[in-house]
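Residue numbers (numbering that gives the first Met the number 0), protein chains in the order written: chain W, 0 to 167; chain X, 0 to 286. Taking it in order: structure first as structure tokens, then the write-up.
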Amino acid sequence: MSETWTIKCLINEKPVEREVSVRLTLADFLRHEVGLTGTHLGCEHGVCGACTVLLDGRSARSCLTLAVQVDGMNVTTVEGLGDKTRLSPLQQAFMDEHGLQCGFCTPGMLTTLTELLANNPDPSESEVRLAISGNICRCTGYENIVKATMTAVRYIRDGMPESSEVVD
Amino acid sequence: MKPPPFSYHRPASLDEAFALLGSLENAKVLAGGQSLMPMMNYRYVMPDHVVDLNHCPGLSGVGVEDQTLIIGAMTRQCDLAANDLVARHAPLLVDALHWVGHVQTRNRGTIGGSLSHLDPAAELPAVIAAYDATVTVGNETALRDVSIHEWAAGYMMPAIDENEIAISINIPLSVELDGHAHSFFEIARRHGDFAQAGAGVVLQTVDDRVTDLRIALAGVDIAPVRLRQAEEFAIGKSLTEDVIDEIALFAKAVPGIADVHADESYRQRLAVVVVRRALTQAAGPGP
Ligand code: FES
Ligand code: FES
């Protein structure tokens, strides 16, 4: 029986209190114990960025974080960015600009870029590219991800287009 | 790709951390986790105990005291990059941080962690070597200062005992270096990956003549290297293109490590290139 520890944290604004095995990564905790499977695991050693979540608003690799370490923290996963009836401007822009194909890298792209836009509401294309330098995408060639981010900048500044209806 | 079982400890004070490390066998210190966690996931390291320093007060932050810039070992890389004191007194650190990993790893990774992990390609130890800094380490009974030039005891092996913790990095400040020029340049297969060769340059000139030059290489040898001969050669000279070329050639003498991405001679050639580019940038007309 492996050692456990009780943690309390906020996950997507909801208070969570759980007993976790100390060797459990945050990624596995989110996916297997909290049921938030939006966070993806590509490499489990910190190189692909798919598992990126926000810890107190800062992006971090959940495969390199132990669940026990987020005790007292505010965790945001891709599920916390928008809600069922309204996507976040960044998510909407990814949809409008085809910023994803298979979607595997998308949770990491969205969380990382959410942090970028919070700190820098008017980034240049090269700043966007630099921000996602730690996120690997095997499908899009990155072009539409960058394009979607620039579109999200406009959505945030000028408002989302009328047609931004959410599909089921 | 999951960490093996271990016991977790969360000291709430430095004394408690010292006591834990003094009594536990096969313990590892967890700082930002950006090196330890991948090594544990790969099971390259299998500690019986993990001592998490993230709740230990007094280990992070930046200050100036007695003509020394003191950087707490647990200061996160992203916080260093945004720190005014660092920008003013040790700007090469800020240059180098742009090359360190990615935003997600800089948000967690600490300067003490980089030093204690001592990857040959790590940028921060090279910068710290350029600034002739010391590292304060301590255990239950005493604190001691280790010169950065004696920090590497071997490949990925810092001169720190198992029961010791890195406390701070101390960069001496001098009037002579006030407002110095600086530049970091590296070549890696992808931005943020481990460098095949990187160079940090600290440069002071008076009336266009070099009065102080420090060149530190990362990723070429097993630990950061200072190009002492090149530095001495440059004193009193004006940095023309030819002189910069001559200085850069000294990098060829550094023994290059070989790996799957670059053999020894290729690394040595890269070393010359990165020194030339960093020096050209530092000697240039400024931003
Ligand atoms: S799964 Fe975490 S970085 Fe790849
Ligand atoms: S959309 Fe498939 S990996 Fe990025």
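Beta carbons: idealized from backbone N, C-alpha and C, even for Gly. In this text the structure is predicted, and so the values were computed from the model without any measurement.
Can you check whether the C-beta of residue i is within less than 7 Å of a C-beta belonging to chain X?
i: W:A130; result: yes
i: W:V67; result: yes
i: W:T150; result: no
i: W:R17; result: no
i: W:A117; result: no
i: W:L89; result: no
i: W:S1; result: yes
i: W:T5; result: no
i: W:A49; result: no
i: W:R30; result: no
i: W:V21; result: yes
i: W:H44; result: yes
I'd like to check one pair, residue j with residue i: are the Cβ atoms closer than 7 Å?
i: X:V274; j: X:A257; result: no
i: X:I69; j: X:S146; result: no
i: W:H39; j: X:P37; result: no
i: X:A281; j: X:S182; result: yes
i: X:A215; j: X:A152; result: no
i: X:A196; j: X:I186; result: yes
i: X:R87; j: X:Q33; result: no
i: X:L35; j: X:D51; result: no
i: W:V52; j: W:V33; result: no
i: W:R30; j: W:T24; result: no
i: W:N11; j: W:E78; result: yes
i: W:F93; j: W:A130; result: no
Using a Cβ-Cβ distance under 7 Å, would residue i count as near chain W?
i: X:H190; result: yes
i: X:Y130; result: no
i: X:R42; result: no
i: X:G283; result: no
i: X:L19; result: no
i: X:G62; result: no
i: X:P10; result: no
i: X:H88; result: no
i: X:M156; result: no
i: X:L45; result: Looking at the sequence itself, residue 45 of chain X is Met, so the reference to Leu does not match. So, not an interface residue.
i: X:M0; result: yes
i: X:P4; result: yes
Spatial neighbours of residue i within its chain, please: C-beta separation below 8 Å, excluding the five flanking residues on both sides.
i: X:R105; result: R75, Q76, C77, A80, L96, V99
i: X:N162; result: F17, L20, G21, N138, E139
i: X:E175; result: Q203, T210, D211
i: W:A117; result: G56
i: X:A217; result: P119, A120, A121, E122, P124, A125, E185, A194, A196, G197, A198, G199, P223
i: X:A270; result: A196, A198, L216, V219, A250, K251, V253, G255
i: X:T67; result: N169, I170, P171, L172
i: X:V242; result: A233, K236
Skipping 5 residues on each side, what residues in its chain have a beta carbon closer than 6 Å to that of residue i?
i: X:H101; result: G191
i: X:V209; result: A233, I234, K236
i: X:M45; result: P3
i: X:D207; result: S237
Could you name the residues of the same chain whose beta carbon sits closer than 7 Å to that of residue i, not counting the 5 residues immediately before and after it, in chain order?
i: W:R174; result: In the structure as shown, chain W starts at 0 and stops at 167, and residue 174 of chain W therefore has no counterpart that could be examined.
i: W:G133; result: G48
i: X:E149; result: A158
i: X:I110; result: I70, A72, T74, Q76, L79, L123, I168
i: X:S6; result: D47, H48
i: X:E24; result: D47
Using a C-beta to C-beta distance shorter than 9 Å, which residues of chain A count as neighbours of residue i?
i: X:V93; result: Looking for chain A here will not work: the only protein chains present are W and X.
### Message
Count Cβ pairs between the segment 103 to 114 of chain W and the segment 1 to 20 of chain W that sit closer than 8 Å; are there 3 or more?
### Response
no
### Query
In chain order, what are the residues with a CB under 7 Å from some non-hydrogen atom of ligand 2?
W:L99, W:Q100, W:C101, W:G102, W:F103, W:C104, W:T105, W:C136, W:R137, W:C138, W:T139
### Query
With contact counted as at least three CB pairs below 8 Å, one residue from each stretch, are the segment 241 to 249 of chain X and the segment 145 to 164 of chain X in contact?
no
### Query
Counting Cβ pairs, one atom from each stretch, are 3 or more of them under 8 Å apart for the segment 86 to 93 of chain W and the segment 141 to 155 of chain W?
yes
### Residues near ligand 1, criterion Cβ-heavy atom distance below 7 Å
W:A26, W:L40, W:G41, W:C42, W:E43, W:H44, W:G45, W:V46, W:C47, W:G48, W:A49, W:C50, W:R60, W:S61, W:C62, W:L63
### Query
Does the segment 59 to 68 of chain W come close enough to the segment 116 to 123 of chain W that 3 or more CB-CB pairs lie under 8 Å?
no
### Message
Within 8 Å, do at least three Cβ pairs link the segment 69 to 77 of chain W to the segment 55 to 64 of chain X?
### Response
no
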